[in-house]
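These protein sequences, in sequence, are chains A, B, C, D, E and F. Here numbering that gives the first Met the number 0 is used: the first residue of the first sequence is 0, the next is one more, and so on. Here numbering that gives the first Met the number 0 is used: the first residue of the second sequence is 0, the next is one more, and so on. Here numbering that gives the first Met the number 0 is used: the first residue of the third sequence is 0, the next is one more, and so on. Here numbering that gives the first Met the number 0 is used: the first residue of the fourth sequence is 0, the next is one more, and so on. Here numbering that gives the first Met the number 0 is used: the first residue of the fifth sequence is 0, the next is one more, and so on. Here numbering that gives the first Met the number 0 is used: the first residue of the sixth sequence is 0, the next is one more, and so on. Glycine residues also receive a C-beta, built at the ideal position from the N, C-alpha and C atoms.
6 protein chains.
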Amino acid sequence: MQLHLSTWQEVEAYLQRSRGIVIPIGSTEQHGPNGLIGTDAICAEVFAREVGRAADAMVGPTVNVGMAQHHLGFAGSVTLRPSTLIAVIRDMVASLGRHGFARFFFLNGHGGNVATVTAAFSEIYAEASLQAGLPNGLDLRCTIRNWWEAPSAKRLSRELFAGEEGSHATPSEVSVTYFAYPEAAKSVGEMTPRVAPFGGFTDAADYRRRFPDGRIGSNPALATAAHGKTIVDAVVPELVDAYRSFLAA
Amino acid sequence: MQLHLSTWQEVEAYLQRSRGIVIPIGSTEQHGPNGLIGTDAICAEVFAREVGRAADAMVGPTVNVGMAQHHLGFAGSVTLRPSTLIAVIRDMVASLGRHGFARFFFLNGHGGNVATVTAAFSEIYAEASLQAGLPNGLDLRCTIRNWWEAPSAKRLSRELFAGEEGSHATPSEVSVTYFAYPEAAKSVGEMTPRVAPFGGFTDAADYRRRFPDGRIGSNPALATAAHGKTIVDAVVPELVDAYRSFLAA
Amino acid sequence: MQLHLSTWQEVEAYLQRSRGIVIPIGSTEQHGPNGLIGTDAICAEVFAREVGRAADAMVGPTVNVGMAQHHLGFAGSVTLRPSTLIAVIRDMVASLGRHGFARFFFLNGHGGNVATVTAAFSEIYAEASLQAGLPNGLDLRCTIRNWWEAPSAKRLSRELFAGEEGSHATPSEVSVTYFAYPEAAKSVGEMTPRVAPFGGFTDAADYRRRFPDGRIGSNPALATAAHGKTIVDAVVPELVDAYRSFLAA
Amino acid sequence: MQLHLSTWQEVEAYLQRSRGIVIPIGSTEQHGPNGLIGTDAICAEVFAREVGRAADAMVGPTVNVGMAQHHLGFAGSVTLRPSTLIAVIRDMVASLGRHGFARFFFLNGHGGNVATVTAAFSEIYAEASLQAGLPNGLDLRCTIRNWWEAPSAKRLSRELFAGEEGSHATPSEVSVTYFAYPEAAKSVGEMTPRVAPFGGFTDAADYRRRFPDGRIGSNPALATAAHGKTIVDAVVPELVDAYRSFLAA
Amino acid sequence: MQLHLSTWQEVEAYLQRSRGIVIPIGSTEQHGPNGLIGTDAICAEVFAREVGRAADAMVGPTVNVGMAQHHLGFAGSVTLRPSTLIAVIRDMVASLGRHGFARFFFLNGHGGNVATVTAAFSEIYAEASLQAGLPNGLDLRCTIRNWWEAPSAKRLSRELFAGEEGSHATPSEVSVTYFAYPEAAKSVGEMTPRVAPFGGFTDAADYRRRFPDGRIGSNPALATAAHGKTIVDAVVPELVDAYRSFLAA
Amino acid sequence: MQLHLSTWQEVEAYLQRSRGIVIPIGSTEQHGPNGLIGTDAICAEVFAREVGRAADAMVGPTVNVGMAQHHLGFAGSVTLRPSTLIAVIRDMVASLGRHGFARFFFLNGHGGNVATVTAAFSEIYAEASLQAGLPNGLDLRCTIRNWWEAPSAKRLSRELFAGEEGSHATPSEVSVTYFAYPEAAKSVGEMTPRVAPFGGFTDAADYRRRFPDGRIGSNPALATAAHGKTIVDAVVPELVDAYRSFLAA
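Rendered as structure tokens:
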């Protein structure tokens, strides 16, 4: 059940049976020579929609711009500063919390979001924790889950792209987007080097110096829509389980 | 050309021929008994995609949560506070401005965004204006355009829904979303009263008291996907003209 | 009744009979070759004082610095950034709201304030709207009214300055300030061009490039104190009506 | 020379001969049974205007709402939170600094402003201090001066109101406002107790508990317009000297 | 009793007998040729610990970085901007207030903190003052006390360092740190000039231009650990009295 | 070399040979029945001091209050909200960066800090990344290292406290503080249950409900000063290696 395709009465009815919501969160940032700038948001959205379908979960609006300051050396990348993203998460949770949503499952497509979104949860909790006259606190729980850390995502990465997955512009994520938007798949041939270098980074200039075509440790030339389907089919049930456990906790 | 379906190299190539970008901005908020919560974001996205296609314009990520505090009395509505939305717009424009984008055409689907987005533009300009050592300022220009104010949108509203358009949960906007997502069209029959009351409002509680089913002045039971298509077909060329004039200004 | 000339006991007595307050809001910014930098604040103050007198309304402190980033290319112009002005409005409304004021009529002298002040109202309302446990919301209502949009202001502009009113440093507003401060009236003779160009603008450098002497579309050489008196006499009763309607809404 | 009564060309001419500006800063807050709510802003404005006249100094817009949280227990009092007032001062100084003003003399009418305005100056300086690549810093200097600390203000207080000056709603400040606005002088007779209690305070509720009619340590029944004139005449030359020393420092 | 060396159960027990807490606040900034960068934090910590011991007072965590923007021209100096320090103080007081602490005695080692910390107190109080529905306010009281203003600190300064105390990098404060950390005492011999110049300052560049070795008006070559002990022994009882009076107020 | 015990000239000399700085960061929060409230700050400080000694590294001021909102249900716990802690880190890094420090090694004693401090680094980098005219970015690098994740810390935990380490109020961290402050070691005997429960948490009320005496998964009754010494001796060389690698990266 997708929030943006529902009426408010349908949401009200949903809240009679569940307090949970899945919120896809991604990023708008370069993903190497053949990866889409929307990769992280697309992946989050695809997984969230499937989880919503399988678990009868409400799926909220996609946070499609995340914390991606390090990618700003590449055209088209967009970032929210951490302080802005914290405010966004806080307002979204406060809005939905007012209606009775109380279990926020952020389904994440971008590693760069994790620290900031986790800090945002603390910012939300801190408002309750700092109130002396609120002995019972908020009854509100937030979590962030990265789809690529599902066991089958790791297994398939090894099987399909052994040793060439890397950590940015990975063949796994590019495959998922090609499955979702086959018409947007790019043919750029072999990349040089075939597998990109690994390493850390600081700001955008530093990142670009170290990773000239944007990839980290990956060979996304291996990506195909078919692999994407395989990954989605395998990972969704595990995310459904994670969501159900979260609701039950 | 859609940013999220492009690679950074494709964006770089685009920037050789244009500095313009269309950014759809909507809202996630109740739209009465048969309107989708995503109505404003969906409309903005539909129009932006078509303008992008017709004008070879880059289309950026949809701002799908806007300033909708007054709708929070209805389940599923989400707001950013104005101060948060200002920060979001500022970060997006700063990110894209770094790459060379310089003409930001926010294609808007929600009246409640106008004041805040306009204030955000001033916040952006003020950073340049307050710098003594910056005689030439920013070469950066932002505008916000409401699709429903296009001449043909107004004309079609009169022709198709004469007197029953209203100002929230209008048959025009609901029609556009039914055209975009026919599978999500709702059948709720006649509404009572057929045409909702008009009026002003302040916060969420006040809004709900005045407009118990969420509509303002409208009869969205008149909405159909066919009317949506008519509206989109008529309005897109006018928005294309507006975008081209904006680039040329 | 002017707040700054009253004692707290007089205010307490006023609150027994009314919850309304008129707050003049203007700007401190260039107004062309013969317009005063305080034009917008002076106009707002003059109209507010007269409305206060005629309607037995409390008149609060003048917000004399507004959102004027685009005028910073001209010496003496001062701006608050939108985010600052939002904080100012919020604190003023919260302070006065604590005493029982509940109808805030911002009488505005500067077009550049409208978006930001409207966003400030939403920021105030949003605090109530985001609280789940506040079913009845705030009983607090804010509005902003531009004196130059009163019907007789428009009519007199046509009659007295036909075609040469423009939109910044207008003969109407300059006349009102000459009426209020005849000793400060400037004699600068004819301007070149007689009528300034029209157009849009972004930041301060852009504004100055387009409007070299600060005027937009106007010929303020037509301004006289006598015209100012005519305008004030005609407009005040309409603003009184607007204030009374606002209280009654 | 008053900024709000000048044109931008006149300001430009002024800046050829001076970089100084006097900015009156006061407050909008209760001043006991016979003191005006605008007392602190009125005093600051009166002294600033006279200093401006005597020293050929530019006088900027009055900051008429200050930091007065402790007075909010009395109707009509208005506060900016410290964080808001810091932003206001910063924006005003940045705006005027852009034009070439570089010596900011805040002429203060309210003790409660001192800490926050001083913190605002540090906030402004810190922006320069934190920039590694700015070896010469800002050439910008701010000061805040309390008119009641001028030697003759202290002397006259002893002579005219010996022992009954107090520290809030003092006969000195009330006298100055009666001199400025004789028509607003209040006749409320003797007060009980004649001299108000002294002491510290925290928030608004605490303040009201300790000082039930708003005065601290004072007997403002002694205030007269004539005393106000005596004070203004004596203090202005000392403030002029202070301003000139500040410019020369 | 030191908070950081206590368990939460010990703190709970303490709160049965007292609501007071001493919070040392200093700075991390240059202190001239022989003064330690931690001078102000060390002094605050030494005095707070002794007051805690003598008065059975809880001693909270040292705020060791304060508002020191003007010292940033000298290596090793660190500042919080005033807006940041206000947030820090507010969060600390809110945290401790939740547990029942209600009398906050900030024992200060750095003059540059006073304005900002005082503004922070107002920011805290303002939250209560701005709430209409909070008739009794906070029962929470904050104060800031500078150890060097204790009567015996002034007396000893005159006796031990007559005329060469100055106002930054003073022999008194350097002595206290040498007493606390004798192993860190520096031998740099005579300074040139023996007594540093006096004067005001703005930002870091201005400060360094005026005070090339960092001292203001002082001759810290006179500092010894023995003098430090004399000062601590004399001042602590006075601070204990001040703390007890504060609790009793 | 400790910053707070150095003069600015000594810091200047240090900067000739190194751009690195170790900044201890901890927390002020409950640590169960026998753990000190300052545990995390004490541990960070102890390890940082030893690393500083062994690696000739500058050791900056301890951040002794961190992000600990979840502990506010226990007396004495203090938190900074994430947004405040981000501002603190940013100001500290900006201050030290101005002097030439460029490698910031935050030696962390509190798991709850990691997300927020990581977000703070992104906030710092983002300022550079968002500037179009800064092709080379900042040459500034930050990292956060948790001492308990050093290989020997993990090994010793297994050897000394097998199975009873847990994740909050662990015998390892309590041992380190007892080694540092043997006089503050607490004797509270066996705890009930001997090993505390494991689990997640949200805000302070939730935490206290789940972990009634504050521990998570641990049996800190096993802590001794001798174990603390063993841990410090083993871990410091590994942290020195980590610091040196960081400088060399």
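Within-8 Å CB hit, residue i to chain F
| i | result |
| --- | --- |
| residue 159(D) | no |
| residue 1(A) | no |
| residue 65(E) | no |
Inter-residue spacing [alpha-carbon to alpha-carbon] between residue i and residue j
| i | j | result |
| --- | --- | --- |
| residue 63(B) | residue 112(B) | 11 Å |
| residue 151(F) | residue 116(A) | 31 Å |
| residue 91(A) | residue 31(B) | 21 Å |
| residue 191(F) | residue 37(E) | 43 Å |
| residue 211(D) | residue 76(D) | 15 Å |
| residue 123(A) | residue 138(A) | 12 Å |
| residue 155(D) | residue 174(D) | 12 Å |
| residue 43(A) | residue 3(B) | 13 Å |
| residue 21(C) | residue 106(C) | 7 Å |
| residue 163(A) | residue 228(A) | 19 Å |
| residue 225(A) | residue 232(A) | 11 Å |
| residue 249(B) | residue 56(D) | Residue 249(B) lies beyond the residue range present for chain B, which begins at 0 and ends at 248; the question has no answer from this structure. |
Chain C contact for residue i (CB, 8 Å cutoff)
| i | result |
| --- | --- |
| residue 32(D) | yes |
| residue 80(D) | yes |
Any C-beta of chain D under 8 Å from that of residue i
| i | result |
| --- | --- |
| residue 24(E) | no |
| residue 27(E) | no |
| residue 85(E) | yes |
| residue 217(C) | no |
| residue 121(C) | no |
Beta-carbon proximity list for residue i, same chain, < 7 Å, skipping 5 on both sides
| i | result |
| --- | --- |
| residue 66(D) | 78, 79, 81, 84, 111, 112, 115 |
| residue 149(B) | 234, 237, 238 |
| residue 223(D) | 174, 177 |
| residue 219(D) | 31, 33, 34, 168, 169, 170, 173 |
Contact belief for residue i with residue j at Cβ below 8 Å, rounded distance in angstroms
| i | j | result |
| --- | --- | --- |
| residue 245(B) | residue 100(B) | With 8 Å as the limit, residue 245(B) and residue 100(B) do not qualify as a contact, their Cβ atoms being about 13 Å apart. |
| residue 206(F) | residue 70(F) | 7 Å |
| residue 215(E) | residue 166(E) | 5 Å |
Other residues of its chain near residue i: CB distance less than 6 Å, five sequence neighbours each side excluded
| i | result |
| --- | --- |
| residue 202(E) | none |
| residue 52(F) | none |
| residue 184(B) | 177 |
Contact with chain B by residue i, beta-carbon distance below 8 Å
| i | result |
| --- | --- |
| residue 61(C) | no |
| residue 242(C) | no |
| residue 221(C) | no |
Close beta carbons around residue i, own chain, < 8 Å, minus the five adjacent residues each side
| i | result |
| --- | --- |
| residue 146(F) | 42, 43, 46, 106, 107, 108, 152, 234, 238 |
| residue 14(B) | 98, 99, 100 |
Chain E within 8 Å of residue i, Cβ atoms only
| i | result |
| --- | --- |
| residue 15(D) | no |
Contact with chain A by residue i, beta-carbon distance below 8 Å
| i | result |
| --- | --- |
| residue 129(F) | yes |
Task: Under 9 Å (Cβ pairs) to chain A, residues found in the region 35-51 of chain B - done: 35, 36, 37, 38, 40, 41
Task: Interfacial residues, the region 90-110 of chain B to chain F, with Cβ spacing under 9 Å - done: 90, 93, 94, 96, 97, 98, 99
- [ ] Using a Cβ-Cβ cut-off of less than 9 Å, give me the residues of the region 138-156 of chain E that come near chain D, in sequence order.
- [x] 138, 139, 140, 141, 142
Task: Under 9 Å (Cβ pairs) to chain B, residues found in the region 162-181 of chain A - done: 176, 180
- [ ] Return the residues of the region 197-208 of chain E that lie within a Cβ-Cβ distance of less than 8 Å from chain D, sorted by chain order.
- [x] 199, 201, 202, 203, 204, 205
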